[in-house]
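Chemist: In the numbering used here, the protein residues as written are 18 to 172. In this text, a Cβ means the ideal position worked out from N, Cα and C, and glycines have one as well. Please read through the structure below; I'll follow up with questions.
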DNA sequence: GCCAACGTTGGC
DNA sequence: GCCAACGTTGGC
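What follows is the structure in structure tokens.
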């Protein structure tokens, strides 16, 4: 059964354009250093699951398009590299702490669906994304909410 | 195992 | 740049 997800990225760091331009339109989703987010990737994501690509820390923040899970989880080797953006000396090749999946570009929306707009729809109120203080960078999206967004808000 | 200090996220 | 919310760390 296909599941649905939302993954956040700062476009100044890695945008949906970057994913679109990547080889095979596919890229590792590296840099996640949060256990809950890691567990979603490691235990619950399946090949072909659909992902809302969310641009954070920009104007405006919001959902910009769709990607899909393109691999199973495997160790995030950037954690081993002291020169990387998010090194973690406690993660080693023999005992990796952080995992990632590959994601593949599916589509970019004609325009971003801003966070402000998502907040206006009571149908979406149960989304973890809209919970106050939420900081998860990888989170599940209910099928109901997914369909609502795709049918009512895209375009 | 508690909890204060600290760091990070991310909207504003 | 500010700050609220939250996760992590480490002393005890």
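Compute the distance between the beta-carbons of residue 170 and residue 129, then report whether it is under 8 angstroms.
Modeler: In this structure, residue 129 does not lie closer than 8 angstroms to residue 170 by Cβ.
Chemist: Please list the terminal residues of the continuous beta strand (DSSP E) segment that includes residue 43.
Modeler: 43-45 is the extent of the beta strand (DSSP E) around residue 43.
Chemist: Starting from residue 34, follow the alpha helix (DSSP H) in both directions and report where the run begins and ends.
Modeler: Looking at the DSSP string, the run of the alpha helix (DSSP H) that includes residue 34 is 33-38.
Chemist: Just the C-alpha distance for residue 83 and residue 111, rounded to the nearest angstrom, thanks.
Modeler: So the two alpha carbons sit approximately 34 angstroms from each other.
Chemist: So does the region 63-80 actually touch the region 91-104, counting three or more Cβ pairs closer than 8 angstroms?
Modeler: With the cut-off at 8 angstroms, the region 63-80 and the region 91-104 do not touch.
Chemist: As a quick exercise: from 157, 106, 161, pick the residue whose alpha carbon is nearest that of residue 60.
Modeler: Closest option to residue 60, Cα to Cα, is 157.
Chemist: State buried or exposed for residue 236, treating a residue as buried only when at least 16 other CB atoms are found within 10 Å of its CB.
Modeler: With the chain covering 18 to 172 only, the question about residue 236 has no answer from this structure.
Chemist: Could you check the C-alpha separation between residue 122 and residue 57 for me, to the nearest Å?
Modeler: Their backbone Cα atoms lie some 19 angstroms apart in a straight line.
Chemist: Do residue 118 and residue 85 have their C-beta atoms within less than 8 angstroms of each other?
Modeler: Their beta carbons are not under 8 angstroms apart, which means residue 118 does not touch residue 85 by this criterion.
Chemist: Assign residue 143 to buried or exposed, taking buried as 16 or more other Cβ atoms, counted over all protein chains shown, within 10 Å of its Cβ.
Modeler: With fewer than 16 other Cβ atoms within 10 Å, it is exposed.
Chemist: Report back the beta-carbon spacing between residue 146 and residue 23 to the nearest angstrom; my notes put them in contact at under 8 angstroms.
Modeler: Indeed they touch by this definition, with Cβ atoms about 6 angstroms apart.
Chemist: Mind checking who residue 22 pairs with in its DSSP beta bridge?
Modeler: According to DSSP, which records beta bridges pairwise, residue 22 is partnered with 68, 157.
Chemist: Assuming residue 140 is part of the alpha helix (DSSP H), what are its boundary residues?
Modeler: Segment: none, residue 140 is in no alpha helix (DSSP H) and carries neither H nor E.
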